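What follows is a set of notes on a single structure, which appears directly below.
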Amino acid sequence: MGRAVTVATCALNQWALDFEGNLERIFRSIDIAKSKGARYRLGPELEICGYGCSDHYYESDTLLHSFQVLEKLLESPATQDIICDVGMPVLHKNVRYNCRVIFLNKKILLIRPKISLANGGNYRELRWFTPWSKAKHVEEYFLPRIIQEVTGQETVPFGDAVLATKDTCLGAEICEELWAPNSPHIEMGLDGVEIFTNSSGSHHVLRKAHARVDLVNSATAKNGGIYILANQKGCDGDRLYYDGCAMISMNGETVAQGSQFSLDDVEVLVATLDLEDVRSYRAEISSRNLAASKVNPYPRVKVNFALSCPDDVAAPACMPIQWRHHSPEEEISLGPACWLWDYLRRSKQAGFLLPLSGGIDSSATACIVYSMCHQVCLAVKNGNADVLADARRIVNDETYIPEDPRELCKRVFTTCYMASENSSQDTCNRAKLLAEQIGSYHINLNIDAAVKAVVGIFSVVTGRTPRFSVFGGSSRESLALQNVQARIRMVLAYLFAQLTLWARGMPGGLLVLGSANVDESLRGYLTKYDCSSADINPIGGISKTDLKNFIQYCIENFQLTALRSIMSAPPTAELEPLVDGQVAQTDETDMGMTYAELSVYGKLRKIAKAGPYSMFCKLINMWKEICTPREVASKVKHFFRMYSVNRHKMTTLTPSYHAENYSPDDNRFDLRPFLYNTSWSWQFRCIDKQVNAL
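The numbering used here runs 13 ahead of the 1-based position in the sequence shown.
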């Protein structure tokens with residue numbers, strides 16, 4: 014009868030400009046899809062070249078190599094008898110488009126350009142691509158000669174069209190189009206399209222996965238149909254982690270769910286679905302059918318191929334499932350860990366070095382590395398040959414099998430406690446105990462000699478010796494002495510990262526990990542070029558509040574009891590002298606605000622787009638039970654003064670895992686000046702006027 018269709022979608026760990034590796038992963042996904050009986054295979058957005066090519070899209074090489082990969086796909090026997098839907102950039106009439114190239118048996122059926130481009134937050138697609146603005150319009154695209162020689166086609170359809178197979182109709186969306194208020198699937202569904210596809214390049218943000226799932230399910234809840242979503246996964250060379258979650262939905266319910274975080278480079282979902290379920294679902298929605306009777310039709314590309322088999326009456330159809338979402342603590346444990354593994358193996362380094370202070374932030378970073386080791390051991394246990402090969406190369410042992418996360422940690426993770434005369438024994442003990450429990454190779458050293466040498470140079474040149482404020486020095490002297498300690502730690506971190514393995518008789522070097530959280534970066538509560546300056550930072554997009562919850566998660570799930578004392582201790586930089594052997598300096602006192610307040614400021618500044626006056630207006634209501642309007646005004650002014658004074662530090666911020674939508678990352682997410690008029694005279698005067706009125 015031809016009613017049960019078998020379709021496949023995938024999540025691929027593609028890497029920008031890694032055409033060789035990207036092609037191999039595409040082939041693997043097609044092989045898996047065919048082995049499971051799929052007749053249609055969907056891949057992620059721009060999977061041939063990798064999504065994150067950025068300004069490399071301007072280069073003709075990127076276009077050329079993408080077509081060379083397409084040529085390999087077209088001529089391969091592996092792509093026969095399955096409709097393949099791949100993503101790549103295409104130049105049409107000297108205009109560059111983000112496209113899907115859909116082909117079958119050495120013939121290109123349709124090149125479908127993206128209609129709605131992602132251009133907010135981390136996305137800059139309008140910089141490199143032009144949206145296709147001709148709705149339901151198709152033109153001729155003249156193929157390059159290397160493709161003509163394989164397909165025998167001179168031109169193929171290019172534009173906004175759908176595919177009509179012998180048994181159903183398919184229409185494509187590309188990533189952002191699902192999120193648009195006028196998504197193409199609405200009109201396509203009214204025009205009889207039964208299967209919608211979406212190839213995405215969607216990155217992880219804490220607590221975001223449910224939004225994507227809800228959008229996919231709602232796309233077919235009102236209109237009926239089958240929705241197939243593919244997504245990239247992993248670190249493709251940037252701050253983002255693409256979080257998979259490939260899925261298949263029908264009539265508003267999920268029928269297949271892919272993993273959000275995993276070390277598998279290729280993950281394929283296959284589902285068999287009954288087209289009659291779509292047709293009967295639509296039949297009783299009278300409002301949909303009235304709208305459908307008036308819709309303007311899409312151009313249809315006829316395909317002499319069926320996604321179903323004639324004798325499929327007994328074919329078992331997939332049933333709805335309940336989507337399981339990770340908790341934010343699980344997301345922190347898994348997402349940055351997978352990102353670190355990708356960065357480590359692709360950078361071809363031998364491990365990580367972390368300055369471990371015994372505080373929450375560096376301890377959370379250490380726990381993420383430990384979680385990474387957990388994921389590696391689990392992947393190897395489950396038979397992942399790629400992960401095993403990468404692990405053996407990283408530790409330089411061709412017979413090695415990672416089975417114990419602590420033992421792997423010992424090989425790839427070095428922690429270093431850098432004591433000074435201002436460090437307490439408590440933090441030293443906490444760092445040592447945590448290192449023992451996770452298994453890292455731990456170093457204890459003292460930086461006092463280096464600090465005295467640097468300050469001594471200044472004293473010799475100027476004849477003046479700076480003092481801490483507790484010894485009668487000015488705030489300038491005290492801050493300079495604190496910064497010297499912090500910067501020497503950064504220099505030593507890089508020295509030990511380069512030479513620790515050499516000293517141990519082992520090959521390779523280590524990547525330095527930073528551990529400044531998103532709140533401290535926003536406030537600028539860090540020394541420029543201190544240990545916040547590193548190669549990468551897995552927690553730079555995560556708030557202190559979420560990190561505390563993550564620490565509690567690690568206590569419960571990894572049995573890291575050393576974290577209990579770290580959780581209970583007040584956060585401190587330990588850069589000022591001790592008082593009676595105890596820490597007198599605390600972060601929140603230094604900052605003049607709490608971490609909880611900082612999270613609120615960050616969300617209002619970035620997500621709510623609030624300047625000083627708007628933030629004040631919102632907070633007098635949010636905090637009316639705990640603060641007077643004058644106190645709110647004082648807090649808002651202090652935040653904006655400190656934020657603007659320190660904004661220059663964001664220009665050199667270590668590349669961080671993007672996890673929060675209020676990240677102050679200056680690279681491309683949060684574009685602001687770094688030289689402000691820090692008096693904010695006009696804005697603060699407006700606040701004062703409102704305070705007086707209240």
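Positions of the beta carbon are idealized from the N, C-alpha and C atoms, including for glycine.
Predicted model only: the values in this text are computed from it and were never measured.
Helix or strand or just coil, what does DSSP make of residue i?
{"i": "residue 475", "result": "helix"}
{"i": "residue 232", "result": "helix"}
{"i": "residue 351", "result": "helix"}
{"i": "residue 276", "result": "coil"}
{"i": "residue 566", "result": "helix"}
{"i": "residue 545", "result": "coil"}
{"i": "residue 208", "result": "strand"}
{"i": "residue 521", "result": "coil"}
{"i": "residue 308", "result": "coil"}
{"i": "residue 60", "result": "coil"}
{"i": "residue 146", "result": "coil"}
{"i": "residue 368", "result": "strand"}
{"i": "residue 404", "result": "helix"}
{"i": "residue 679", "result": "coil"}
{"i": "residue 684", "result": "coil"}
{"i": "residue 343", "result": "helix"}
{"i": "residue 638", "result": "coil"}
{"i": "residue 423", "result": "helix"}
{"i": "residue 411", "result": "coil"}
{"i": "residue 35", "result": "helix"}
{"i": "residue 620", "result": "helix"}
Is residue i close to chain C? Criterion is C-beta to C-beta, closer than 8 Å.
{"i": "residue 33", "result": "Of the protein chains in the structure, only one exists, and it is not chain C."}
Which residues does DSSP pair with residue i in a beta bridge?
{"i": "residue 23", "result": "281"}
{"i": "residue 315", "result": "177"}
{"i": "residue 455", "result": "428"}
{"i": "residue 260", "result": "242 and 270"}
{"i": "residue 213", "result": "244"}
{"i": "residue 669", "result": "550"}
{"i": "residue 18", "result": "286 and 321"}
{"i": "residue 526", "result": "549"}
Please determine, among the options, the residue with the shortest C-alpha to C-alpha distance to residue i.
{"i": "residue 272", "options": "312, 668, 339 and 302", "result": "339"}
{"i": "residue 385", "options": "371, 412 and 416", "result": "416"}
{"i": "residue 600", "options": "570, 336, 625 and 538", "result": "538"}
{"i": "residue 570", "options": "342, 470 and 628", "result": "342"}
{"i": "residue 547", "options": "365, 143, 302 and 180", "result": "365"}
{"i": "residue 652", "options": "467, 625 and 118", "result": "625"}
{"i": "residue 152", "options": "440, 621 and 312", "result": "312"}
{"i": "residue 503", "options": "473, 432 and 470", "result": "432"}
{"i": "residue 307", "options": "227, 201 and 403", "result": "201"}
{"i": "residue 618", "options": "304, 677, 428 and 430", "result": "677"}
{"i": "residue 161", "options": "128, 294 and 121", "result": "121"}
{"i": "residue 33", "options": "82, 316 and 556", "result": "82"}
{"i": "residue 18", "options": "285, 233 and 279", "result": "285"}
{"i": "residue 125", "options": "402, 212 and 492", "result": "212"}
{"i": "residue 193", "options": "456, 239 and 229", "result": "229"}
{"i": "residue 620", "options": "638, 674, 578 and 105", "result": "674"}
Identify the continuous beta strand (DSSP E) that holds residue i and give its terminal residues.
{"i": "residue 266", "result": "266-270"}
{"i": "residue 105", "result": "96-105"}
{"i": "residue 321", "result": "Per DSSP, residue 321 belongs to no beta strand (DSSP E) and is neither H nor E."}
{"i": "residue 244", "result": "239-247"}
{"i": "residue 120", "result": "120-126"}
{"i": "residue 153", "result": "151-155"}
{"i": "residue 171", "result": "168-172"}
{"i": "residue 186", "result": "182-187"}
{"i": "residue 55", "result": "53-55"}
{"i": "residue 437", "result": "Here residue 437 belongs to no beta strand (DSSP E), and DSSP marks it neither H nor E."}
Cβ of residue i within 7 Å of any heavy atom in the ligand SAH?
{"i": "residue 642", "result": "With respect to the ligand SAH, the structure shown offers nothing to examine, as it has no ligands at all."}
Between which two residues does the alpha helix (DSSP H) carrying residue i extend?
{"i": "residue 554", "result": "Segment: none, residue 554 is in no alpha helix (DSSP H) and carries neither H nor E."}
{"i": "residue 492", "result": "488-516"}
{"i": "residue 116", "result": "Here residue 116 belongs to no alpha helix (DSSP H); instead the beta strand (DSSP E) covers 108-117."}
{"i": "residue 375", "result": "373-394"}
{"i": "residue 252", "result": "Note, residue 252: premise wrong, no alpha helix (DSSP H); not H, not E."}
{"i": "residue 10", "result": "This structure does not reach residue 10, given that the chain is present from 14 up to 707, and the question cannot be answered."}
{"i": "residue 221", "result": "Where residue 221 is concerned, there is no enclosing alpha helix (DSSP H), given that its DSSP letter is neither H nor E."}
{"i": "residue 642", "result": "642-658"}
{"i": "residue 533", "result": "531-536"}
{"i": "residue 713", "result": "Missing from the structure shown is residue 713; the chain here goes from 14 to 707 and no further."}
{"i": "residue 132", "result": "Premise fails: residue 132 is in no alpha helix (DSSP H) and is neither H nor E."}
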